[in-house]
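For the sequence shown, the numbering used here gives the first residue as 4, with consecutive numbering after it.
Cβ atoms here follow ideal geometry from the backbone N, Cα and C, with glycine treated the same way.
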Amino acid sequence: MKSLVFATNNAHKIREVRQILGSDWNIQSLAEAGISSDLPETGTTLHENAEEKARAVVHLIQLPCFAEDSGLEVDVLSGAPGVYTARYAGENASAVENNQKLLQELCDHQDRSARFRAVVALWWNDHLHFFEGVINGTIAHQLDGSDGFGYDPLFIPEGYDQPFARLPPSVKNSISHRARAIEAMAEFLKQRIPNE
Ligand code: ITT
4 MKSLVFATNN AHKIREVRQI LGSDWNIQSL AEAGISSDLP ETGTTLHENA
54 EEKARAVVHL IQLPCFAEDS GLEVDVLSGA PGVYTARYAG ENASAVENNQ
104 KLLQELCDHQ DRSARFRAVV ALWWNDHLHF FEGVINGTIA HQLDGSDGFG
154 YDPLFIPEGY DQPFARLPPS VKNSISHRAR AIEAMAEFLK QRIPNE
């Protein structure tokens with residue numbers, strides 16, 4: 004089976020990527036690859052952070068691997084929280100604190116349009132390759148649902164009337180920013196790996 008290491012410490016991302024890619028791929032977590040260190044994230048763009056995380060892991064294992072950096076961009080907040088999405092309410096903020104901060108920032112705004120963006124950096128044949136995925140949507144007025152992670156209780160994808168946290172994971176994982184970026188990566192790899 005084809006194997007790739009996913010350079011993330013976010014167990015939700017691993018679960019989603021395994022569902023997106025299906026049984027053709029063996030996606031190894033950092034722990035399964037024998038890595039326990041924190042990943043650096045000092046960039047000012049999603050691309051920079053994805054690259055930094057991928058390079059940190061390649062340096063340790065010298066195997067094909069990929070990292071992903073993602074963020075929520077809210078139009079009336081000029082694209083914030085963007086690259087700081089995970090730390091919106093502070094360095095060690097919980098998802099609930101981040102969601103509350105977002106609701107607070109938007110409380111006077113009617114325009115709730117936003118998008119999730121994911122950038123994947125794949126280390127393959129001694130080069131980095133980038134893939135991007137975007138999903139448009141709106142920010143709800145209150146938290147709803149318990150599936151998923153992060154801002155899923157607030158993000159209502161375009162074409163739906165419920166947030167990701169209320170939709171079946173199979174729906175999220177067929178339309179999300181992450182699904183789109185990961186599918187682009189899978190298509191790239193399909194062209195380069197001969198059928199077994
Ligand atoms: P790694 O860096 O270890 O991969 P992380 O959680 O720190 O994990 P990011 O730096 O990419 O990941 O932060 C992205 C944040 O954006 C994430 O923590 C969530 O708060 C939010 N986010 C990204 N994708 C999301 C999704 O599908 N649903 C809800 N929130 C999401």
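- Item | arginine 115: CB within 7 Å of a non-hydrogen atom of the ligand ITT | In the sequence shown, counting from the first residue as 1, residue 115 sits at position 112. No, the Cβ of arginine 115 stays beyond 7 Å of every heavy atom of the ligand ITT.
- Pairing CB atoms from the region 37-54 with CB atoms from the region 63-74, are three or more of them under 8 Å? yes
- When you compare only the Cα positions, how much space is there between tryptophan 28 and glutamine 194? The residue you call residue 28 lines up with position 25 of the sequence shown. The residue you call residue 194 lines up with position 191 of the sequence shown. When rounded, the distance between both Cα atoms is 15 Å.
- Message: Classify glycine 37: buried if its beta carbon has 16 or more other beta carbons within 10 angstroms, exposed otherwise.
- Response: For the purposes of this step, residue 37 is taken as residue 34 along the sequence shown, with counting starting at 1. With fewer than 16 Cβ atoms within 10 Å of its Cβ, glycine 37 is classed as exposed.
- Is it the case that the Cβ atoms of alanine 124 and glycine 151 are separated by a distance below 8 Å? Translated into positions along the sequence shown, residue 124 becomes position 121. Translated into positions along the sequence shown, residue 151 becomes position 148. It is not a contact, given that the beta carbons lie outside the stated cut-off.
- Message: Using the three-state DSSP reduction, which class does arginine 115 fall into: helix, strand or coil?
- Response: Counting from 1 along the sequence shown, the entry for residue 115 is found at position 112. Coil, per DSSP.
- Proximal residues to glycine 93 (C-beta, below 8 Å), its chain only, five neighbours per side dropped: Locating residue 93 in the sequence shown gives position 90, counting from the first residue. Excluding sequence neighbours, glycine 93 sits near Glu100.
- Query: Whose CA, out of Arg120, Gln107, Val61, Arg58, lies closest to the CA of alanine 184?
  - Reply: For the purposes of this step, residue 184 is taken as residue 181 along the sequence shown, with counting starting at 1. Checking every option, the nearest Cα to that of alanine 184 belongs to Arg120.
- Check each residue's C-beta against every heavy atom of the ligand ITT and list, in chain order, those closer than 5 Å. Counting every residue whose Cβ lies closer than 5 Å to a heavy atom of the ligand ITT, we get Thr11, Asn12, Asn13, Asp72, Ser73, Thr88, Ala89, Gly153, Tyr154, Asp155.
- Item | Whole-angstrom distance between threonine 141 and glutamate 108, CA atom to CA atom | Looking up residue 108 in the sequence shown gives position 105. Looking up residue 141 in the sequence shown gives position 138. Roughly 14 Å separates the two Cα atoms.
- Item | Backbone secondary structure at histidine 200 - three-state DSSP | With the chain running from 4 to 199 in the structure shown, residue 200 is simply not present.
- Neighbour-count burial assignment, valine 20, 16 or more Cβ in a 10 Å radius: Reading the sequence shown from its first residue, position 17 is the one you call residue 20. Burial call: buried.
- Item | Strand pairing of valine 137, partner residues [DSSP] | The residue you call residue 137 lines up with position 134 of the sequence shown. Looking at the DSSP assignment, valine 137 forms a beta bridge with Arg120.
- Report yes if the C-beta distance between valine 122 and alanine 10 is below 8 Å; otherwise report no. Counting from one through the sequence shown, the residue named residue 122 turns up at place 119. Counting from one through the sequence shown, the residue named residue 10 turns up at place 7. Remark: C-beta atoms of valine 122 and alanine 10 do not approach each other more closely than 8 Å.
- Item | Delimiting residues of the beta strand (DSSP E) encompassing serine 81 | Indexing the sequence shown from 1 puts residue 81 at position 78. Element bounds for serine 81: n/a, residue is neither H nor E.
- For aspartate 155, is the classification buried or exposed, using 16 other Cβ atoms within 10 angstroms of its Cβ as the cut-off for buried? On the sequence shown, residue 155 is found 152 positions in, with the first residue counted as 1. Aspartate 155 should be labelled buried.
- Item | Strand pairing of aspartate 72, partner residues [DSSP] | For this step, residue 72 is matched to residue 69 along the sequence shown. Note: aspartate 72 sits in a beta bridge opposite Val122.
- Between glutamate 55 and the rest of its own chain, which residues show a CB-CB distance below 6 Å, the 5 nearest in sequence each way excluded? Walking along the sequence shown from the start, residue 55 turns up at place 52. Cβ within range, chain order: Pro43, Gly46.
- Query: Buried or exposed: leucine 66, going by 16 or more other Cβ atoms within 10 Å of its Cβ?
  - Reply: For the purposes of this step, residue 66 is identified with residue 63 of the sequence shown, where counting begins at 1. Counting Cβ neighbours within 10 Å, leucine 66 comes out exposed, since fewer than 16 surround it.
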